[in-house]
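Novice: Here it is, the structure in full.
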Amino acid sequence: MWQSIKIANFVVVTAILLFHGCSMYVSTTSKELKKNRFLVLSMYLSLSDSALGLEFIYHNILVFMNSQGVTFQYQCLMIQHLAGGTIMSSLIQTLLICIERLNATFTIQKDILVFVCSNKGVLLYFILCHCIALLRFGIATVDGPVPCEPKNTATTILLFSHDIPCLCIVVAIVFCYGVVVYRMIRLQNFAQASSMTDSQVAKKKAKAIRTRKNVVTLGLIIAVSLVAVLPRSMLAFYFYMGNTSAITGTLIMIINNFFILLNPVLDPVIYVLRIKKYRQYLRCKCLKKNAVSDLTNSTAVS
Numbered sequence: 158m159w160q161s162i163k164i165a166n167f168v169v170v171t172a173i174l175l176f177h178g179c180s181m182y183v184s185t186t187s188k189e190l191k192k193n194r195f196l197v198l199s200m201y202l203s204l205s206d207s208a209l210g211l212e213f214i215y216h217n218i219l220v221f222m223n224s225q226g227v228t229f230q231y232q233c234l235m236i237q238h239l240a241g242g243t244i245m246s247s248l249i250q251t252l253l254i255c256i257e258r259l260n261a262t263f264t265i266q267k268d269i270l271v272f273v274c275s276n277k278g279v280l281l282y283f284i285l286c287h288c289i290a291l292l293r294f295g296i297a298t299v300d301g302p303v304p305c306e307p308k309n310t311a312t313t314i315l316l317f318s319h320d321i322p323c324l325c326i327v328v329a330i331v332f333c334y335g336v337v338v339y340r341m342i343r344l345q346n347f348a349q350a351s352s353m354t355d356s357q358v359a360k361k362k363a364k365a366i367r368t369r370k371n372v373v374t375l376g377l378i379i380a381v382s383l384v385a386v387l388p389r390s391m392l393a394f395y396f397y398m399g400n401t402s403a404i405t406g407t408l409i410m411i412i413n414n415f416f417i418l419l420n421p422v423l424d425p426v427i428y429v430l431r432i433k434k435y436r437q438y439l440r441c442k443c444l445k446k447n448a449v450s451d452l453t454n455s456t457a458v459s
């Protein structure tokens with residue numbers, strides 16, 4: 158069972174790297190897409206999710222090596238804590254995307270929200286999350302090395318330095334989502350109340366469609382974030398309260414290896430593949446490569 162879970166985990170992580178690699182390639186090679194702040198933040202999210210995938214791969218390699226050496230065990234422990242920092246960083250990136258959508262609902266963008274979602278802010282949050290993870294790793298080393306896959310990763314220090322902060326970030330995402338939807342509906346109702354020309358009516362319909370798509374996107378963000386974070390948070394609270402008898406090792410492995418990977422797997426679909434211009438640009442890139450390949454092959458044959 159354990160080996161099957163780790164193999165399935167490796168397949169999921171490979172899919173994560175493939176999806177996000179494609180997403181980052183298109184986002185960085187299109188000048189038009191690079192001007193879209195939403196897609197820039199999505200690219201940063203892809204970088205964070207890709208880092209998480211690499212951490213999982215490295216951890217799986219250490220587990221398959223199954224070495225009992227102290228060096229390997231400390232490496233496992235450090236990767237586990239760094240992965241926790243990357244998960245928190247990805248959730249903050251998701252929150253930043255929601256904040257950017259909130260800022261877009263204002264006629265004049267708020268400077269404080271622009272600063273929070275700036276490139277410097279993104280780098281600062283990433284560094285801060287990993288500094289907390291390294292501090293947690295340093296505290297964990299006091300008790301000495303542990304096996305690469307301990308049955309209980311929901312310790313007290315993880316609960317208060319990782320699980321509770323992640324749950325608070327998800328609550329902030331839900332709150333921001335509610336505010337964005339409220340402002341979108343309010344702006345749409347305000348536009349309906351005023352008299353409009355035919356061109357304004359057409360713009361209003363296009364804006365209504367765009368609003369509906371934004372609501373669906375944000376709704377997917379909320380659903381995936383809750384499904385990814387809540388099981389782990391509930392597990393940590395159960396362990397903290399001492400209720401461990403009803404929790405099996407298989408359930409712990411599934412939560413630690415699959416639920417927390419839902420966000421990285423689905424992020425490209427939610428943020429990027431649903432954008433029409435992105436799909437068109439990706440299609441053009443693929444067709445262009447195929448055309449070049451066919452031309453090369455035909456030249457070689459002749």
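Quick note: the sequence shown uses this note's numbering, first residue 158, plus one each step. For glycine and all other residues, C-beta sits at the position ideal for the given N, C-alpha and C. As the structure is a computational prediction, the values presented were derived from the model and not from experiment.
(1) At the level of alpha carbons, what is the spacing between P388 and A359?
(2) Ignoring anything shorter than 4 residues or poking outside the segment 206 to 288, list the alpha helix (DSSP H) runs there in chain order.
(3) Would you call the segment 179 to 186 in contact with the segment 245 to 263, where contact means no fewer than 3 C-beta pairs closer than 8 Å?
(4) Give me the residue from T251, C288, I173, I236 with the minimum Cα distance to P421.
(5) For L209, tell me which candidate among L219, H177, G226 has the shortest Cα-Cα distance.
(6) Quick test of the definition: if touching needs 3 or more C-beta pairs under 8 Å, does the segment 311 to 331 touch the segment 264 to 274?
(7) Does the separation of the CB atoms of S205 and F283 fall below 8 Å?
(8) Just the Cα atoms here: how many angstroms apart are V336 and P322?
(9) Given a cut-off of 8 Å on the beta-carbon distance, is the pair H238 and A297 in contact?
(10) Have a look at I330 and L248 and give me their C-alpha separation to the nearest angstrom.
(11) Going by C-alpha to C-alpha distance, which of G301, L285, T374, T251 sits closest to F229?
(12) What separation, rounded to the nearest whole angstrom, lies between the Cα atoms of I427 and S275?
(13) Who are the Cβ neighbours of F294 in its own chain at under 7 Å, not counting the five residues just before and after it?
(14) Near I417, what residues of its chain come up, given a Cβ to Cβ distance below 7 Å and the 5 sequence neighbours on each side ignored?
(15) For I254 versus L270, is the C-beta distance shorter than 8 Å?
(16) Ends of the alpha helix (DSSP H) at L423?
(17) Determine the DSSP secondary structure at K192, reduced to helix, strand or coil.
Specialist: Once the coordinates are examined:
(1) Taking the first residue of the sequence shown as 1, we reach residue 388 at position 231. Taking the first residue of the sequence shown as 1, we reach residue 359 at position 202. Rounded to whole angstroms, P388 to A359 spans 45 Å at the Cα level.
(2) At a cut-off of 4 residues, the continuous stretches assigned as alpha helix (DSSP H) that sit fully inside the segment 206 to 288 are 227 to 261, 268 to 273.
(3) When C-beta atoms of the segment 179 to 186 are compared with those of the segment 245 to 263, fewer than three pairs fall below 8 Å, so the two segments do not count as touching.
(4) Stepping through the sequence shown from its first residue, residue 421 is reached at position 264. The shortest C-alpha separation from P421 is found at I173.
(5) Against the sequence shown, residue 209 aligns to sequence position 52. Taking only the C-alpha atoms, the option nearest L209 is H177.
(6) Contact fails: fewer than three Cβ-Cβ distances are below 8 Å.
(7) Start at 1 with the first residue of the sequence shown, and residue 205 comes out as number 48. Start at 1 with the first residue of the sequence shown, and residue 283 comes out as number 126. Their beta carbons are under 8 Å apart, which means S205 touches F283 by this criterion.
(8) Translated into the one-based positions of the sequence shown, residue 336 becomes position 179. Translated into the one-based positions of the sequence shown, residue 322 becomes position 165. Linking V336 to P322 through their CA atoms gives a straight-line distance of about 21 Å.
(9) For the purposes of this step, residue 238 is identified with residue 81 of the sequence shown, where counting begins at 1. For the purposes of this step, residue 297 is identified with residue 140 of the sequence shown, where counting begins at 1. In this structure, A297 lies closer than 8 Å to H238 by Cβ.
(10) Locating residue 330 in the sequence shown gives position 173, counting from the first residue. Locating residue 248 in the sequence shown gives position 91, counting from the first residue. L248 has its alpha-carbon roughly 9 Å from the corresponding atom of I330.
(11) In the sequence shown, counting from the first residue as 1, residue 229 sits at position 72. The option with the nearest alpha carbon to F229 is G301.
(12) Position 270 of the sequence shown, counted from the first residue, corresponds to residue 427. Position 118 of the sequence shown, counted from the first residue, corresponds to residue 275. About 21 Å.
(13) On the sequence shown, residue 294 is found 137 positions in, with the first residue counted as 1. L234, M235, H238, listed in sequence order.
(14) Translated into the one-based positions of the sequence shown, residue 417 becomes position 260. Only residues of its own chain outside the window of five on either side were considered, and among them I244, A385, R389 have a CB closer than 7 Å to the CB of I417, listed in chain order.
(15) The residue labelled residue 254 in the question sits at position 97 within the sequence shown. The residue labelled residue 270 in the question sits at position 113 within the sequence shown. Between I254 and L270, the CB-CB gap reaches or exceeds 8 Å.
(16) Counted from its first residue, the sequence shown places residue 423 at position 266. Element bounds for L423: 419 to 425.
(17) Residue 192 sits at position 35 when you count from the first residue of the sequence shown. Judged by DSSP in its simplified three-state form, K192 adopts coil rather than helix or strand.
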